[in-house]
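Following: one structure in structure tokens, then a few remarks.
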Amino acid sequence: MLRRIQKIIASELQRNVKITKKSCMQDYNPVFGLELNIKTLLPKFKEMGINKKTIPKWIKYNYKMFGAYLAGVIDGDGDITIKRPKYPQCRVRITSGKVLSETKKLVEKHLNCKCNIESYVVSTYSLPRAKVKEGIGYKHYFYISPKNVSIFKRYVYRYLQIAHKRATLERFFNILDKKVTRRQFPSLPRSPCLSQEGF
């Protein structure tokens, strides 16, 4: 994902940045990042109506733009899990160091679902002395279900870039398709795939 961001920064903002390994670990995992002097980009961001506190209006009030924005957030800070085998739902969870209240409201508005927030303790380990710093993080999660799956597929899924996240969603879409087919054609034999998933 960082490599893709690196390419976008180079092509859209004409800046060359390096990906570096940080001298700390988060939850025992190495941390990578890229650094960019944001001050030189402020005029361009201002032109586009972008600031660090709010989502631009041209994203908030446009399904397609918000879908692409949300896909970027999920690619960078999200994880996707299939829940409830009998009545399948797919949980999308976004992790942040602060409460994303504006994103929460827009998810509820555009995707027609409830978005919940939970807090948790974040542990950061600094090397080489392994100092531990603890803070509070926030997990924002919502569910894809039959009532909003078509909206999510049309406006969010198409913009996701991380392969394993797309693969989880594709598996969920297939599960839903098979359940719909079974309701329409109840006399069809159950497939091995459905049996293994517990449906």
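First residue of the sequence shown: 1, per the numbering used here; consecutive thereafter.
Glycine included, each C-beta is placed from N, C-alpha and C at the ideal position.
Please read these numbers as outputs of a predicted model, since none were measured by experiment.
Residue(s) in a DSSP beta bridge with residue i
| i | result |
| --- | --- |
| Asn-116 | Tyr-141 |
| Val-17 | BP columns for Val-17 are empty, so no partner. |
| Ser-150 | None; Ser-150 has no bridge partner. |
| Glu-134 | Ser-123 |
Under 9 Å between C-beta atoms of residue i and residue j
| i | j | result |
| --- | --- | --- |
| Lys-39 | Gly-49 | no |
| Thr-78 | Arg-154 | The sequence shown places Gly at residue 78, not Thr. Result no, Cβ atoms of Gly-78 and Arg-154 do not sit closer than 9 Å. |
| Ile-151 | Tyr-63 | yes |
| Ile-136 | Tyr-120 | yes |
| Phe-173 | Val-92 | no |
| Leu-106 | Ile-55 | yes |
| Tyr-157 | Leu-169 | yes |
| Thr-103 | Val-122 | no |
| Lys-21 | Pro-30 | yes |
| Gln-6 | Leu-41 | no |
| Thr-124 | Cys-24 | yes |
Local Cβ density within 10 Å of residue i, reported as buried at 16 or more and exposed below that
| i | result |
| --- | --- |
| Phe-32 | exposed |
| His-164 | exposed |
| Gly-97 | exposed |
| Pro-43 | exposed |
| Val-99 | exposed |
| Pro-146 | exposed |
Minimum C-alpha distance to residue i - residue among the options
| i | options | result |
| --- | --- | --- |
| His-140 | Thr-124, Val-149 and Ile-117 | Ile-117 |
| Lys-109 | Lys-46, Leu-70 and Glu-35 | Leu-70 |
| Leu-144 | Ile-82, Arg-166 and Lys-86 | Here the sequence assigns Ile to residue 144, which means Leu is not the residue at that position. Out of Ile-82, Arg-166 and Lys-86, Ile-82 has the C-alpha closest to the C-alpha of Ile-144. |
| Tyr-61 | Glu-134, Arg-3 and Leu-111 | Leu-111 |
| Arg-166 | Lys-114, Asp-75, Lys-53 and Glu-134 | Asp-75 |
| Gln-14 | Leu-2, Leu-36 and Arg-84 | Leu-36 |
| Lys-53 | Gln-89, Ser-101 and Tyr-87 | Ser-101 |
| Asn-148 | Lys-114, Arg-171, Lys-133 and Lys-179 | Lys-114 |
| Ile-80 | Glu-47, Asn-16 and Arg-171 | Arg-171 |
| Lys-178 | Glu-47, Arg-84, Pro-88 and Leu-2 | Pro-88 |
Item to check | Unbroken stretches of the alpha helix (DSSP H), 4 residues or longer, contained in the stretch 34 to 112 | outcome: Counting only runs of 4+ residues, the alpha helix (DSSP H) found wholly inside the stretch 34 to 112 occupies 42 to 47, 57 to 60, 63 to 77 and 101 to 111, in chain order.
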